[in-house]
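Engineer: My structure is below; once you've seen it, I'll send some questions.
Residue numbers (our numbering), protein chains in the order written: chain A, 24 to 216; chain B, 24 to 216; chain C, 24 to 216; chain D, 24 to 216.
Right, here's the structure in full:
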């Protein structure tokens with residue numbers, strides 16, 4: 024029951040983040056094709072961020088379903104994750120408007136990195152509550168994707184200052200890697216339910 | 024139970040989309056009647072989009088009530104639908120501010136078209152989960168409205184470049200056609216419950 | 024169960040409306056007392072609208088608790104109500120920024136009037152579903168406040184063009200009249216539950 | 024059940040407030056490091072306000088879990104609290120953009136003060152419903168933090184006009200004091216459940 028309200032609140036915040044990002048796609052003041060062209064990178068960044076937030080919602084959903092209780096630590100770890108997710112609209116807009124230049128691209132990576140780290144912290148706290156030998160810990164296993172992502176983000180942050188477009192490609196790549204939701208949890212849950 | 028959270032999240036996103044659209048109706052800087060006149064097309068487009076989003080919410084509500092489970096595919100098909108719905112505020116604002124000129128009117132059609140297609144995909148995935156011979160498949164039957172809408176949107180996109188106001192009329196027409204919620208599902212549910 | 028999702032969606036929309044209104048209270052570009060003065064009418068209008076939306080949420084909450092089912096008509100009557108409520112941020116911002124001049128003040132009244140009418144329609148549809156002799160119909164009784172409000176709004180619309188501040192006073196007065204939530208329903212529910 | 028909808032609505036409003044605040048962090052028009060520097064105070068204020076709203080959500084969550092019923096008074100006390108919380112985005116943006124100058128810093132304190140007072144009122148009404156000898160009243164005990172906070176805010180308001188940065192430090196201090204959620208309630212609930 025406690026988990027329910029944490030889920031509901033997180034759902035609310037994530038729903039607002041995913042929708043508010045579209046406000047960076049500002050209505051242009053003309054109506055010919057030329058006015059749409061500068062919006063293309065903003066649109067592409069929006070689509071990428073939409074997928075990222077969607078991935079977080081998906082995985083968050085599966086993770087919290089496995090959690091049987093909520094401690095003060097889990098609550099704050101969850102708010103910490105939401106804080107970094109809430110910066111998505113800002114970095115998305117900044118990167119989109121500046122056509123993937125160095126600093127905005129690096130900042131996008133920093134937010135992705137921090138969101139990944141804060142998700143990892145939340146996961147650890149929930150696993151700790153269940154015990155290292157629990158089904159959740161077992162299911163997560165080595166958690167290759169969860170460990171690889173922050174490393175790739177860190178590389179992309181550095182790459183941003185050399186070749187921003189390459190950094191952008193890494194962000195797309197990681198998104199594709201995660202696109203397939205956490206089947207391990209899903210499968211385990213199916214077995215459980 | 025899984026369906027519940029998908030519903031709740033979709034409700035959240037749709038609620039935000041429908042409300043955020045009103046922000047395109049910008050508070051004018053005067054207080055005489057002349058300042059309201061340019062807002063009239065924005066208001067009309069807002070009302071039209073409100074009805075469209077309302078229709079999607081209605082039908083989405085009935086569709087998900089029939090779904091007994093949520094697969095990863097359904098989750099992503101749902102996010103795909105929400106993505107296109109999230110572009111409503113942008114195209115609504117753009118069409119309204121440019122008084123139904125060609126390109127904005129066509130873009131409005133593209134978003135309507137893609138939303139209709141993504142709804143169709145979501146529906147197919149839910150039907151597939153239940154089996155083609157299920158009550159849901161039976162209820163949907165030939166799904167004339169669902170098949171007709173994308174065709175009409177496609178026509179309207181083309182018509183936008185010849186006579187934008189005619190395209191606008193098609194959008195209004197399709198909205199009226201859908202205004203009556205999916206009674207087939209409703210009736211079937213009543214029989215079921 | 025059906026009622027639940029209608030409630031949840033309405034709650035979402037109303038929560039967004041009530042919060043989005045505050046965006047009209049724009050952060051000024053200075054930091055001395057003079058920069059706050061022009062914000063005072065905006066703040067007062069915001070507080071008034073906050074109370075109005077709060078009243079609607081309260082009464083809507085009590086009304087839907089009594090509803091045992093949701094028809095297509097009720098769904099659309101509810102969306103109709105949400106449509107007029109969604110115009111609160113616009114008219115609130117406009118009236119606030121123009122210091123209660125004639126036209127913005129009249130428009131504020133029009134939105135209040137239409138919201139009251141659409142609430143009345145929703146109420147009638149729910150009563151009709153239960154039957155005129157039902158406990159709900161009995162509880163509502165003569166519904167003096169519900170009948171008086173639109174009349175007072177209509178008067179205030181006319182008064183706006185003569186003495187806008189008087190119209191504003193009527194809006195405050197009606198808000199005070201409704202401030203006390205629909206105790207009839209509350210009392211009846213207590214008896215029922 | 025009644026409590027549920029009050030919780031859900033409050034969650035919605037708080038989720039929107041916490042997310043809308045990020046909109047004050049406006050996307051800059053350049054992409055070099057210099058464009059980020061003026062955003063630093065805005066970012067820091069955002070982080071502080073995020074923690075404050077998070078604290079309110081946490082404590083509100085624990086408080087409402089103990090409430091067994093909702094009276095009209097509790098409903099309005101709750102809306103009153105939401106009203107002051109809704110002003111967080113405004114004062115956060117104003118203080119951040121003006122680099123913690125006197126008046127914005129004092130206004131931030133006024134909103135914190137009013138939010139604390141309105142929370143206290145809500146708490147009292149819920150305690151009164153349960154009776155002074157109830158487990159809730161017992162759990163809250165002397166409520167040192169709840170009594171100390173408004174006093175500290177009041178001091179900070181005065182200090183703002185002498186040394187705004189000192190006022191800022193008080194706000195950070197009180198946030199840290201509250202960071203640890205209301206363990207008294209949590210512990211009591213664990214005993215109860």
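Note that the Cβ used here is the ideal one computed from N, Cα and C, for glycine as well.
1. Comparing alpha-carbon positions, which option in D:194, D:30, D:175 and D:184 lies nearest residue 101 of chain D?
2. Under DSSP, the alpha helix (DSSP H) around residue 144 of chain D begins and ends at which residues?
3. What are the start and end residues of the alpha helix (DSSP H) that includes residue 36 of chain A?
4. Excluding the 5 residues flanking residue 121 of chain D on each side, which residues of the same chain have their C-beta closer than 8 Å to its C-beta?
5. Grab the span of the alpha helix (DSSP H) containing residue 172 of chain C for me, first residue to last.
6. Nearest to residue 144 of chain D by alpha carbon, out of D:169, D:110 and D:77?
7. Below 7 Å between beta carbons is the criterion; list the residues of the segment 112–123 of chain C that meet it against any residue of chain B, in chain order.
8. Go ahead and pull the three-state DSSP assignment for residue 192 of chain D.
9. Identify the continuous alpha helix (DSSP H) that holds residue 84 of chain A and give its terminal residues.
10. Should residue 195 of chain A go down as buried or exposed, given a rule of 16 or more other Cβ atoms within 10 Å for buried?
11. With DSSP as the reference, label residue 94 of chain C as helix, strand or coil.
12. Does any CB atom of chain B fall closer than 8 Å to the CB of residue 47 of chain C?
13. At a CB distance below 8 Å, what residues from the segment 64–76 of chain C approach chain B? Give them in sequence order.
14. Can you tell me where the alpha helix (DSSP H) with residue 112 of chain A in it begins and where it stops?
15. Does the distance from the C-beta atom of residue 44 of chain A to that of residue 115 of chain A stay below 8 Å?
16. Out of curiosity, what's the CA-to-CA distance linking residue 162 of chain C and residue 84 of chain D?
17. Considering only the alpha carbon of each residue, which of B:25, B:174 and B:108 lies closest to residue 18 of chain B?
18. For residue 61 of chain A, count the other beta carbons within 10 Å of its own beta carbon; 16 or more makes it buried, fewer makes it exposed. Which is it?
19. Establish whether the CB of residue 110 of chain D and some CB of chain C are separated by less than 8 Å.
20. Roughly how many angstroms separate the alpha carbons of residue 119 of chain B and residue 35 of chain C, rounded to a whole number?
21. To which residues of the same chain is residue 39 of chain D closer than 8 Å at the C-beta, ignoring the five residues directly before and after it?
22. Does the count of Cβ pairs from the segment 130–145 of chain B and the segment 170–183 of chain B closer than 8 Å reach three?
23. Here's the rule I'm using: 16 or more other beta-carbon atoms within 10 Å means buried, otherwise exposed. How should residue 37 of chain B be labelled?
24. Expressed to the nearest angstrom, what Euclidean distance is found between the alpha-carbon atoms of residue 32 of chain C and residue 74 of chain B?
25. Could you give the first and the last residue of the continuous alpha helix (DSSP H) run that contains residue 46 of chain A?
26. For the alpha helix (DSSP H) containing residue 57 of chain B, name the first residue and the last one.
27. If we define contact as Cβ-Cβ less than 8 Å, is residue 202 of chain C a contact residue for chain B?
28. So residue 35 of chain C contacts chain E; which residues on that side make the cut at Cβ distance below 7 Å?
29. Out of B:183, B:201 and B:184, which has the shortest C-alpha to C-alpha gap to residue 139 of chain B?
30. Listing by chain order, which chain B residues have their CB less than 7 Å from the CB of residue 127 of chain C?
31. Using CA coordinates, which residue listed in A:165, A:190 and A:148 is at the minimum distance from residue 98 of chain A?
32. Rounded to whole angstroms, what is the Cα-Cα separation between residue 42 of chain A and residue 80 of chain B?
33. Measure the alpha-carbon distance for residue 110 of chain C versus residue 78 of chain B and round it to whole angstroms.
34. Looking at chain C, is there any beta carbon in it that lies within less than 8 Å of the beta carbon of residue 195 of chain B?
35. In whole angstroms, give me the CA-to-CA distance for residue 48 of chain B and residue 113 of chain C.
Structural biologist: In short, the structure shows the following:
1. The candidate whose alpha carbon is nearest that of residue 101 of chain D is D:30.
2. Counting along the chain, the alpha helix (DSSP H) containing residue 144 of chain D begins and ends at 125–153.
3. Looking at the DSSP string, the run of the alpha helix (DSSP H) that includes residue 36 of chain A is 25–43.
4. In its chain, beyond the 5 residues on either side, 127 have a beta carbon closer than 8 Å to the beta carbon of residue 121 of chain D.
5. Run containing residue 172 of chain C: 167–183, per the alpha helix (DSSP H) assignment.
6. Check the Cα spacing between residue 144 of chain D and each of D:169, D:110 and D:77: the tightest is with D:169.
7. For the segment 112–123 of chain C, the set of residues with a beta-carbon nearer than 7 Å to any beta-carbon of chain B comprises 112, 113, 116, 117, 120 and 121, in chain order.
8. Residue 192 of chain D falls in the helix class under three-state DSSP.
9. Where residue 84 of chain A is concerned, the enclosing alpha helix (DSSP H) starts and stops at 62–89.
10. Under this definition residue 195 of chain A is an exposed residue.
11. Residue state, collapsed to three classes: coil.
12. For residue 47 of chain C, the nearest CB of chain B lies under 8 Å from its own CB, placing it at the interface with that chain.
13. Within the segment 64–76 of chain C, no residue has a Cβ that lies closer than 8 Å to any Cβ of chain B.
14. Taken as a continuous stretch (DSSP letters only), the alpha helix (DSSP H) holding residue 112 of chain A covers 111–120.
15. Contact: yes.
16. For residue 162 of chain C and residue 84 of chain D, the gap between their C-alpha atoms comes out near 33 Å.
17. What the structure shows of chain B is the stretch from 24 to 216, and residue 18 of chain B is not part of that stretch, so it cannot be assessed.
18. Residue 61 of chain A should be labelled exposed.
19. Chain C places a beta carbon closer than 8 Å to that of residue 110 of chain D, counting this residue as a contact.
20. So the two alpha carbons sit approximately 26 Å from each other.
21. Apart from the 5 residues on each side of it in sequence, residue 39 of chain D has no Cβ closer than 8 Å to any other Cβ in its chain.
22. Contact holds: three or more Cβ-Cβ distances are below 8 Å.
23. By the 16-neighbour rule on beta-carbons within 10 angstroms, residue 37 of chain B is buried.
24. C-alpha separation (whole angstroms): 15 Å.
25. Per DSSP, residue 46 of chain A is not a residue of any alpha helix (DSSP H), being assigned neither H nor E.
26. Counting along the chain, residue 57 of chain B sits inside the alpha helix (DSSP H) bounded by residues 56–59.
27. No, because no Cβ of chain B sits closer than 8 Å to the Cβ of residue 202 of chain C.
28. In summary, chain E is missing from the structure at hand, where the protein chains are A, B, C and D.
29. Measuring from the Cα of residue 139 of chain B, the nearest candidate turns out to be B:201.
30. Here the neighbours are 54.
31. Of the listed residues, the one whose Cα sits closest to residue 98 of chain A is A:148.
32. Taking the Cα positions, residue 42 of chain A is about 16 Å away from residue 80 of chain B.
33. Each residue's alpha carbon lies about 19 Å from the other.
34. Residue 195 of chain B is outside the set of residues whose beta carbon lies under 8 Å from a beta carbon in chain C.
35. For residue 48 of chain B and residue 113 of chain C, the gap between their C-alpha atoms comes out near 7 Å.
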